[in-house]
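In what follows, a structure is listed as structure tokens, so that the remarks can point back to it.
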Amino acid sequence: MLKREGEIRIPSGCAIAAVISKEGKGIRGDLISEAMKPMHDRSNGLGGGFAGYGIYPEMRDFFAFHIFFDHRSTRKECEALLKERFEIVKGELIPTRKIPQITDEPIIWRYFVAPLKSMLAAEQIDENEFVARTVVKINTQLKGAYVFSSGKNMGCFKAVGFPEDVGEFYRLEEYEGYSWTAHGRYPTNTPGWWGGAHPFSLLDYSVVHNGEISSYDANRRYIEMFGYKCTLQTDTEVITYIIDYLLRRQKLTLEEVASVIAAPFWSTINAKPEKEKEKLTYLRTVFSNLLITGPFSIVFGWDGGLMALNDRLKLRSMITAEKDDKVFIASEEAAIIAMEPEAENFYAPSGGEPVIVRVKEGKF
Amino acid sequence: MSKFVIIGNGVAAAGCIEGIRSIDKESEITVISAEKHPVYSRPLISYYLEGKTTLEKMNYRSEDFYEKNKAELVYASAEKIDLKKGEVAFGSKKTKFDKLCIAAGSSPFVPPMDGLDSVKEKFTFMTMDDSLALEKALKKDSRVLIVGAGLIGLKCAEGILERVGSVTVVDLADRVLSSILDNECAAVMQKHLESKGMKFLLSDSVAKLETDKAVMKSGKTVEFDVLVLAVGVRANTQLAKDAGAEVNRGIIIDTKMQTTLENVYAAGDCTEGYDSSIDANRVLAILPNAYMQGFCAGVNMAGGDSSITNAIPMNSIGFFGLHCTSAGSYFAQGEGEVYEEKSCGGIKRLYIKDNKLTGYIIIGDVTGAGIYTRIIREKTDLSGVNIDKLKNNATLAMFLPETRRKMLGGVV
Amino acid sequence: MIDQYIYPEFEVVRNQNRCISCRVCERQCANEVHRYDTDLGVMLSDETKCVNCQRCVSLCPTHALKIVKSDCRLRENANWSDQTIKEVYKQANSGGVLLSSMGNPTPLPVYWDKILINASQVTNPPIDPLREPMETKVFLGKKPEKVLRRASGELITQMPPQIELSMPVMFSAMSYGSISYNAHASLARAATELGICYNTGEGGLHEDFYCYGENTIVQVASGRFGVHKNYLEAAAAVEIKMGQGAKPGIGGHLPGAKIVGDISRTRMIPEGSDAISPAPHHDIYSIEDLRQLVYSLKEATDYKKPVIIKVAAVHNIAAIASGIARSGADIIAIDGFRGGTGAAPTRIRDNVGIPIELALAAVDQRLRDEGIRNNVSLVVGGSVRSAADVVKAVALGADAVYVATAALLALGCHLCRTCHSGKCNWGIATQRPDLVKRLNPDIGSRRLVNLMNAWRHEIKELMGAMGINSIECLRGNRLMLRGVGLTAKELEILGISHAGE
Amino acid sequence: MKRVYVNEKWCLGCHLCEYNCAFANSGMTDMVKALKDKPIYPRVHIEQSDDITYAVSCRHCKDPLCVKSCIAGAISIVDGVVKIDKTKCVGCLTCVLVCPYGAVRPGPTGAAQKCELCLENSCGEPACVKGCPNNAIVYEERQEEK
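In the order they appear, the protein sequences are chains E, X, D and R.
So the number in our numbering is just where the residue sits in the first sequence, counting from 1, plus 736.
So the number in our numbering is just where the residue sits in the second sequence, counting from 1, plus 3.
So the number in our numbering is just where the residue sits in the third sequence, counting from 1, plus 4.
So the number in our numbering is just where the residue sits in the fourth sequence, counting from 1, plus 103.
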């Protein structure tokens, strides 16, 4: 019997794609689903998923929890737990479409919640940390429940299946967001589990990743010192936690995050001007355990935009392009063409060179 | 361009040619050779008789030596030096010179001896031709009488001992090799030579010669078939003397090898040069000295600047495998310390005076002897030398560590 | 002597057909095993004196010599081994504590040999270190918990003091006195050329070696030998030695006979006096006392030098390490029970302490569990024998390793384990000038540099195979390891899976 | 010119150089065959002074007395290397008499011999240097003080 995510480390090859409107204009979810079609062969049907930003404008002040339950009773248990910590503004089944390609689905709910002020005060932490801890708690302690999305005004949609089928299953054409990421999975070591599909997200951070990092356990054992628990044992999970740790907890800038996880080689650092060299040396030394090696191309999404990043040797393909206010990112050029036949300024970022696209503030 | 003339064609002449050519590659050189051979190693004539070398190998330099050095070799006897004209006359010819080097060597000294004319097979032992002539006269059962127990006489004796019936050596002196050995060492050597079958009549001389018999002053008689006269040599100084150069037992030269005449140099056995071991001029008729003097003269003739201030008497000679090296000067008992060490069949005597090694003789194991020679030549003050080690062994260990390291090119 | 009861342990086998009687063996044997017999015209040997250091074997120009273990055997007895019986004889002869040198030679498990390393296939690419950059640089020292910025937003890049190493290997502590001047010179020069560190041990720092200070770790041990302000200031880091793997709980004793000349001066003790390092530091009877010493040393060095605490791997090492990580120390060095020594009581060496692999795994995990792994760097030693051992140690969680025995081997040591005799034929563990000169630091340092460069190449090859191009991504990366032939408990402690899992 | 130098600080007095030299110049391919039960005639020699040992071999002087003094004209300088023509040498040992280093000695046939830097045997580099276990003998170019 194959072990599923969380029981064993799961390496996988993949396809990724993303699109963002810098002006914050709405993009329908089926567009990103289209992008995954030409990259069909990069997945093996064992997982696909999407993250959309700006999709819940009416509920933007509430954390949107997307949760898989394997049983009704689990949902009850989980809801009880949520109620202890949050005010649940709204709870509902996520609408899906029955299609033959997607089967064995769990019970999929979403909750819009606000942390109870009393709880925040009691634990002396901010609401983000509170939410993050709750997510870790549910995912590690509540067997049969799995929170796969927990940000505000954003949501992940993922399933076992090919990504374009997953898009159809989740009726993505009914959502509109200013940025989208997508993932098609080719795992080699899992029977396929819904929770194990990507994107992986925590709060509004989401990561889609193509690659297999060789630094995994070094990164995992380090990041777990800070309260994270890598339950899925996937690269994407640990990368998300690393970014969360650096961005939210250590307050690094995105550029700084990039120079930690895809740190320049010492020879490159030593050739930099003194100030820059000092800074890069500092980051690389202090966070040496968060350097990620082995092939990866990731698109990191947050409520303010997208960051695309390759490993420092660029062992995975990744390409970007533009059209008007839109920026496209994908494993293959074909995926971008599928979204925008007129796309221009194709560019393959170098290893370790972050491509950061920010959405105009205040749009959503 | 100058014109150089060298009278003589021995080792000193060869040195002179090489000395000139070390400075001047072009000027004309004429060598006037009385012997009709290219330069050869004179001391090898006894080795030739002993079969240790061949006529061909006796050549001191390679066949193309003269050609390579652009030297004209003339077989003739130089007859006259005309200083005014700057000419040397030889045969019926003359040659001009700008600088002249007299390297005329020496000749065997034959003392007047009663009845010498009656001896048919009589030889001197100086040149290749002497050696070849002697060889012809030798028979398996020849009884050979050699007059003179010096270097020449004894080397001759060694060379022929195995080829003849008997060899008897007579000398006026009371010991063999009297010019280079002291009594103690001479005794050791004599014993060795006798053990090989040589007979000696010492402190004696030939009173009268008959056809095949010599009657000694002591009254003894020695019958012989072949007589070799090796009493000694005399420097060939006549040409120089005639030209007006100052001459004593040899042609007087300064440390630059110049005679008392302008543009006339001299080198080799015909000269009397500076001997640093006695701080005076003396004839040092040894091969190394001849070459070095010739070379030095050559350099100076060609316009260079060279001098020899540390020449000393020194000798290395071996008989039937027993080697003997010696250098410097000795002194009579009581004038300084004589360190003596005897070993199986050998002896070592070091003469130490005024904190200097003045001379030494080693018979037997001569390993490292050059180091003794060096400290004599360099007049090394022995306060900078470990005397015990010096006595013990001729090794660089006798020097201070820094001195030794410097000698060996190492870090001091 | 009949009362010795002990047959020579080794036989000198001389092939008389090959021996040319050059007498090199005779001249090179400080134990005076060989001698030339002028009557017989052959070389003879006195095997009772042979320690099997192989000096003669190595220098014999015709390879006429070999030293073999004597096959003269006591009657077989599975309970009473030859070794055990002979030790009884020795003690009955002498009435003394048995002394040994170098590391524990008993057949206890070597976990390095039961751990295998991963490699990339298909799903991610191995990296060719000849074509791609491959980084082995490490910084040892405390890392700040929180990133700080100026009001302008600019990062404050000041860090606690660090040791920068070009590769995660250092030469561990061996004192001047226990090893020779030339051995120290070789280590110092090699460390400098390699961009790593060597360690003075507790013998002080010879004045000639201050120029290598940037690559020197100076030790402060219970005897406090050679410790003074300049000594501390000269170094890259200061190490407080609490214990040693070969002899946990035991002090040191360098006999007065060896305290001569430079050694006496460097140790700052009178010539001829025994150098006794007490078992404990008499000012450290508990963890809070250690904290005081750590800060005393930091005060003395203006907080510019990392402080290392070196302890032996003993049963509760994880708890000890946790205490040290909170003591203000920057680096913990743990020495396993197979580590070497110049002299130790045999019983202690062979029976006290635990394997470094288990100690390392336990300490690394414990510090992570407590969230204080970043407080300290972790250096381990005690028989790290090859590049593979280094890679395994780093993957288990070490920041760097200490090697000493391998370094000594590079210098010529043949592990004869008689350092305590002071007659080291290889010029390493001796102070006899004629023996010391046998180790030319030109050769010694070159061989050390060669060894480390070879290891560095191998480390890079192994990393490249795993698809890792920087050593920090290997640190604690236990997924890269698998065990073979280990029990579930051993795997649990090592924090690795069994091969095939 | 490269020459053989000794650093007495590192010389162990093991005498291996002598054996390696004798072997290199034996013309044989097996050391045992070349040297067993025979006296050896090395061209490098270990000397001892108290506790110090060092190897001595021909210095290849710029102005060599041996060359000037050889009565047979058998010693010459070829490309800076002082060489003895064994076939011409008559074994008079005048070279031994004059060598200021004691570096020339008679060989097995009585002819004088000395270090010729292993240029003509199969050794490639001087055998004493190659075989010295402690780098005490080196073959290198140095500025020599005159």
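Virtual Cβ for every residue (Gly too), placed ideally from N, Cα, C.
All of these numbers come straight from a predicted model, not from anything done at the bench.
So which residues of chain R does D/Leu-455 contact, with C-beta pairs closer than 8 angstroms?
Correct list: empty, because the minimum Cβ distance to chain R is about 17 angstroms.
Counterpart residues of X/Gly-285 in DSSP-defined beta bridges:
Correcting the residue identity first, residue 285 of chain X is Arg in this sequence and not Gly. DSSP lists X/Gly-276 as partners of X/Arg-285.
How many whole angstroms separate the CB atoms of E/Lys-739 and E/Lys-1096, which I take to be in contact at a CB cut-off of 8 angstroms?
Wrong, their Cβ atoms sit about 45 angstroms apart, outside the cutoff.
If contact means a Cβ-Cβ distance below 9 angstroms, which residues of the segment 122-146 of chain R contact chain D?
Tyr-122, Asn-123, Phe-126, Asp-133, Met-134, Val-135, Ala-137, Leu-138, Lys-139, Asp-140, Lys-141 and Ile-143
Spatial neighbours of X/Val-388 within its chain, please: C-beta separation below 8 angstroms, excluding the five flanking residues on both sides.
Ile-378, Met-401, Phe-402 and Leu-403
Secondary structure of X/Met-192, DSSP reduced to three states
helix
Supposed contact pair E/Leu-939 and E/Gly-887 - C-beta distance, whole angstroms, cut 8 angstroms:
5 angstroms
At which residue ranges does the segment 143-190 of chain R contain complete alpha helix (DSSP H) runs of 4 or more residues, listed in the order of the chain?
168-172
Can you say whether E/Glu-992 is buried or exposed, counting buried as having 16 or more other CB atoms within 10 angstroms of its CB?
buried
With DSSP collapsed to three states, give me the class of E/Ile-768.
helix
Assuming X/Ala-270 and X/Ala-15 form a contact by the criterion Cβ under 8 angstroms, report the distance between their Cβ atoms to the nearest whole angstrom.
4 angstroms
Simplified DSSP state of D/Arg-359, which is helix, strand or coil
First, the amino acid is wrong: residue 359 of chain D is Pro here, not Arg. It is coil, neither helix nor strand.
Pick out the complete beta strand (DSSP E) segments inside the segment 185-268 of chain D, 3 residues or longer, and give them in chain order.
220-224, 241-245 and 256-258
Let me know if E/Ile-744 comes out buried or exposed under the rule of 16 or more other beta-carbons within 10 Å of its beta-carbon.
exposed
Would you call the CB atoms of E/Val-1063 and E/Leu-1026 closer than 7 angstroms?
no
Nonlocal neighbours in the same chain, by C-beta distance under 6 angstroms from D/Ala-241, ignoring five residues either side:
Ile-167, Ile-221, Lys-309, Pro-310 and Ile-312
Determine, using beta carbons only, whether D/Leu-144 comes closer than 7 angstroms to chain R.
no
Does D/Met-470 get closer than 7 angstroms to chain E when you measure Cβ to Cβ?
yes
Check for me: the alpha helix (DSSP H) holding E/Ile-1073 runs from which residue to which?
1069-1075
Anything in chain R within Cβ reach of X/Arg-377, meaning under 7 angstroms, just list it in chain order.
Pro-203
Please name the residues in the segment 196-222 of chain R whose beta-carbon is closer than 9 angstroms to at least one beta-carbon of chain X, in chain order.
Leu-196, Thr-197, Cys-198, Val-199, Leu-200, Val-201, Cys-202, Pro-203, Tyr-204, Gly-205, Ala-206, Val-207, Arg-208, Pro-209 and Gly-213
Does any C-beta atom of chain D lie closer than 7 angstroms to the C-beta of R/Pro-236?
yes
Whole-angstrom C-beta distance between D/Leu-258 and D/Ser-182, which should lie under 8 angstroms
7 angstroms
Among D/Asp-75, D/Ile-24, D/Gln-20 and D/Ser-105, which has the Cα closest to the Cα of D/Lys-427?
D/Ser-105
Once the 5 residues before and after D/Ala-329 are set aside, which same chain residues still bring their CB inside 7 angstroms of it?
Ile-336, Leu-371, Ile-376, Asn-379 and Val-380
Taking only beta-carbon atoms, is X/Thr-302 less than 7 angstroms away from chain R?
Residue identity differs from the one stated: residue 302 of chain X is Val in this sequence, not Thr. No, its Cβ sits nowhere closer than 7 angstroms to a Cβ of chain R.
Give a yes or no on whether 7 angstroms exceeds the smallest Cβ distance from D/Cys-26 to chain R.
yes
Establish whether the CB of E/Glu-991 and some CB of chain D are separated by less than 7 angstroms.
no
Note down the Cα distance separating D/Met-246 from D/Val-224, rounded to an integer number of angstroms.
9 angstroms
Using beta carbons (cut-off 7 angstroms, strictly below), is R/Tyr-242 in contact with chain X?
no
Buried or exposed (CB count within 10 angstroms, at least 16 for buried), X/Lys-194:
exposed
Say whether chain E places a C-beta atom closer than 7 angstroms to the C-beta of D/Asn-128.
yes
Within 10 Å of its beta-carbon, does D/Trp-84 have 16 or more other beta-carbons around it, so buried, or fewer, so exposed?
exposed
Which residues mark the beginning and the end of the alpha helix (DSSP H) in which E/Arg-869 is found?
863-877
Report the neighbours of X/Tyr-354 on chain R: residues whose CB is nearer than 8 angstroms to its CB, in chain order.
Result: empty, since nearest Cβ-Cβ is about 16 angstroms, beyond 8 angstroms.
Identify each residue in the segment 168-185 of chain R for which the Cβ-Cβ distance to at least one residue of chain X is less than 7 angstroms, and report them in chain order.
Lys-171, Ser-172, Ile-174, Ala-175 and Gly-176
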